[in-house]
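Notes follow once the structure below has been shown.
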Amino acid sequence: MQYFSAGRVNAIQVPKYFDAIKIVIFKGAEKVKKVALIINPQAGKCKLEKELDKIESRLTKAFAKVTIYQTGQEGDGKRFVEQHAEEIDLLIAGGGDGTVFEIMNALVPLENRPVFAILPGGTCNDFSRTLGISQKPLEALEQIIMQKCMHVDIGSYHKHYFLNFWGIGIISKVAEEMDDANKQLLGRISYYLNTSKLVFQDKAFSLKIRSEELHYDEKAELLVVGNGSYLGGIQSFFPHADVQDGKFDVLIVKEAKLKYLKKWLEAKIQDDYPENEKDDDIIYFRTSKLEVSASPEQNIDCDGEFLDKTPAIVEVLPKHLKMIYGEIQ
């Protein structure tokens, strides 16, 4: 354990499992602002670790009390949140989408939640892009220091939570089959749209959806429930998603051929695909809650994590989390 100081420093006791923690505590600010940065030093080829000295220096100049905790293994960030999140004012997740997912899932159930911010350091950094956060760490840090906040919707299912998307069908199969080199090089959706693995023959499953807006009981190859507007580092299925409207964007693709997905992406980017539009291949609607079942049961891809299988009830927690945003287009 190491203590880094500048100015006056107080000693503090921390649990033994925080073997990679760095704590900097300042006095003198009229109103103490307690800030914690949980950073995954391995994310994005150590992208944030390379800038850590500059990040630390800037944070300690901007805030009265700063804790920097470097994770060593899966679950470290979750434990830190459970132990300390309710004692701080601003919690920053530094890393990729997996780091953000772990920390956010520990944060959402708490009664007293600090403001949440993302310092992007991974490959795709999808929800940070939706919030207009710069993908350059030091620029993103300045946005965080400005403390522009908004309340954002959170997706929920099976006591798990997601910021960006929930999906079954070929979206999860592509993720399962993608090797790390391709993920690093292209990002999920780029790989998804540019390789022969896109088209899976005879991969349709029986899909049942029940919602206030739509009942569906047919074959399908893809279901995506979106909250954010980015997937794999680019604006994809829902480029105009609104994270404050209390609604999901939902896409059902009956036959996942490249031409149908291109048609959807082009239409949405041009903003000319009307709500509740239906055709022979694609169904799109918006809802705050849907019940999903499938036969055979499907693996659920939730912000890139595989934690469960269908059936599931997926619903919005409206404006549940206060987050820092940057320049939203």
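For the sequence shown, our numbering puts the final residue at 363, and the numbers step up evenly by one.
Beta carbons are placed, not taken as given, at the ideal position from N, Cα and C, and that holds for glycine.
The structure displayed is predicted, hence computed values, not measured ones.
* For Gln269, name the three-state secondary structure that DSSP assigns. => Within the sequence shown, numbered from 1, the residue matching residue 269 stands at position 235. Three-state result, Gln269: strand.
* In whole angstroms, what separates the C-alpha of Gly156 from that of Asn74? -> Counting from one through the sequence shown, the residue named residue 156 turns up at place 122. Counting from one through the sequence shown, the residue named residue 74 turns up at place 40. For Gly156 and Asn74, the distance between alpha carbons rounds to 9 angstroms.
* **Rounded Cβ spacing between Glu361 and Gly166 (contact assumed at less than 8 angstroms)** => The count along the sequence shown starts at 1 and reaches residue 361 at position 327. The count along the sequence shown starts at 1 and reaches residue 166 at position 132. So it is a contact: roughly 4 angstroms between Cβ atoms.
* Asked: Run through DSSP, which three-state label would Lys61 get?
  -> What you label residue 61 is simply residue 27 of the sequence shown in a count that begins at 1. Here Lys61 scores only 38 on pLDDT, less than 50, and its place in the model should not be relied on; the value that follows carries that caveat. Coil, per DSSP.
* Assuming Ile243 contacts Glu339 under a Cβ cut-off of 8 angstroms, what Cβ separation, rounded to an integer in Å, is found between them? -> In the sequence shown, counting from the first residue as 1, residue 243 sits at position 209. In the sequence shown, counting from the first residue as 1, residue 339 sits at position 305. In this structure Ile243 is not in contact with Glu339, their Cβ atoms being roughly 22 angstroms apart against a cut-off of 8 angstroms.
* Asked: In whole angstroms, what separates the C-alpha of Thr101 from that of Lys288?
  -> Residue numbering aside, residue 101 sits at position 67 when the sequence shown is read from its first letter. Residue numbering aside, residue 288 sits at position 254 when the sequence shown is read from its first letter. Going by the C-alpha atoms only, they are around 49 angstroms apart.
* Residue interval of the alpha helix (DSSP H) (run including Lys112) -> Indexing the sequence shown from 1 puts residue 112 at position 78. Residues 110-118.
* Applying the criterion that 16 or more other CB atoms from any shown protein chain within 10 Å of the CB defines a buried residue, is Asp131 buried or exposed? -> Your numbering for residue 131 matches position 97 in the sequence shown. Under this definition Asp131 is a buried residue.
* Asked: How about the segment 264-276 and the segment 247-254: do they share at least three Cβ pairs that are nearer than 8 angstroms?
  -> no
* Asked: Are there three or more Cβ pairs, one per stretch, closer than 8 angstroms when the segment 337-351 is compared with the segment 134-150?
  -> yes
* Asked: For the candidate residues Leu153, Glu120, Pro154, Asn159, whose alpha-carbon lies nearest to that of Ala140?
  -> Here residue 140 refers to the residue found at position 106 of the sequence shown. Ranking the options by Cα distance to Ala140, first place goes to Glu120.
* Asked: So Thr157 is in the alpha helix (DSSP H); what residue range does that whole segment cover?
  -> The count along the sequence shown starts at 1 and reaches residue 157 at position 123. Here Thr157 belongs to no alpha helix (DSSP H), and DSSP marks it neither H nor E.
* Check Glu83 in the structure and name its three-state DSSP category. => In the sequence shown, the residue the question calls residue 83 occupies position 49. Glu83 falls in the helix class under three-state DSSP.
* Residue range of the unbroken alpha helix (DSSP H) whose run includes Leu175 -> By 1-based counting over the sequence shown, the position of residue 175 is 141. Looking at the DSSP string, the run of the alpha helix (DSSP H) that includes Leu175 is 171-180.
* Three-state secondary structure assigned by DSSP to Asn139 -> Here residue 139 is taken as the residue at index 105 of the sequence shown, counted from 1. It is helical.
* To do: Have a look at Val284, Thr164, Glu247, Glu108 and flag the residue whose alpha-carbon is nearest the alpha-carbon of Ile72.
  => Looking up residue 72 in the sequence shown gives position 38. For the residues Val284, Thr164, Glu247, Glu108, the minimum Cα distance to Ile72 belongs to Glu108.
* Asked: How long is the line joining the alpha carbons of Ser327 and Val258, rounded to whole angstroms?
  -> Locating residue 327 in the sequence shown gives position 293, counting from the first residue. Locating residue 258 in the sequence shown gives position 224, counting from the first residue. Between Ser327 and Val258, the C-alpha separation is close to 13 angstroms.
* **Separation of Leu82 from Ile321, as counted between CA atoms** => In the sequence shown, residue 321 corresponds to position 287, counting from 1. In the sequence shown, residue 82 corresponds to position 48, counting from 1. Reading the sequence as shown, one finds Thr at residue 321 and not Ile. For Thr321 and Leu82, the distance between alpha carbons rounds to 37 angstroms.
* Asked: Got a sec? Which residues, its chain only, sit under 7 angstroms from Val186 by beta carbon, not counting five neighbours each side?
  -> If you number the sequence shown from 1, residue 186 lands on position 152. Once the five neighbours on either side are set aside, the close Cβ partners of Val186 are Val277, Gln278, Lys353, Leu355, Met357.
* To do: Under 6 angstroms Cβ to Cβ from Ala215, same chain only, skipping five residues before and after it: list those, please.
  => Position 181 of the sequence shown, counted from the start, is the residue given in the question as residue 215. In this predicted model, Ala215 has a pLDDT of only 49, less than 50, meaning its place in the structure is not dependable enough to derive any value.
* Close Cβ partners of Trp200 (< 7 angstroms) along its chain, the five nearest in sequence each way excluded -> Position 166 of the sequence shown, counting from 1, holds the residue named residue 200. Closer than 7 angstroms at Cβ, skipping near neighbours: Gly189, Tyr191, Val259, Ile334, Cys336, Val348.
* Asked: With Asp110 and Lys67 assumed to form a contact (beta carbons below 8 angstroms), what rounded beta-carbon distance in angstroms separates them?
  -> Taking the sequence shown and counting its residues from 1, the one referred to as residue 110 is at position 76. Taking the sequence shown and counting its residues from 1, the one referred to as residue 67 is at position 33. Rounded, the Cβ-Cβ distance is 24 angstroms, inconsistent with contact.
* Give the straight-line distance between the Cα atoms of Leu153 and Lys95, rounded to the nearest whole angstrom. => The residue you call residue 153 lines up with position 119 of the sequence shown. The residue you call residue 95 lines up with position 61 of the sequence shown. Computed Cα separation, rounded: 17 angstroms.
* To do: Return helix, strand or coil for Gly132, following the three-state DSSP convention.
  => Counting from one through the sequence shown, the residue named residue 132 turns up at place 98. Of the three classes helix, strand and coil, the one that applies to Gly132 here is helix, per DSSP.
* To do: Give the DSSP-derived three-state secondary structure of Ala238 in the structure shown.
  => Position 204 of the sequence shown, counted from the start, is the residue given in the question as residue 238. In this structure, Ala238 counts as coil in the three-state DSSP scheme.
* Pick from Ile316, Asp160, Ala151 that is closest to Ala174, judged by C-alpha positions -> As a position in the sequence shown, residue 174 is number 140, starting the count at 1. Nearest C-alpha to Ala174: Ala151.
* Give the single residue among Glu331, Phe319, Val350, Ser270 whose Cα lies nearest to the Cα of Asp160. => Along the sequence shown, read from residue 1 onward, the residue named residue 160 stands at position 126. Nearest option by C-alpha distance: Ser270.
* Asked: Measuring CA to CA, which of Lys193, Glu176, Ile204 is closest to Phe97?
  -> Residue 97 sits at position 63 when you count from the first residue of the sequence shown. Among Lys193, Glu176, Ile204, the Cα nearest to that of Phe97 is on Glu176.
* Asked: Would DSSP call Ser91 helix, strand or coil?
  -> Residue numbering aside, residue 91 sits at position 57 when the sequence shown is read from its first letter. Ser91 sits in a helix when the DSSP states are folded into three classes.
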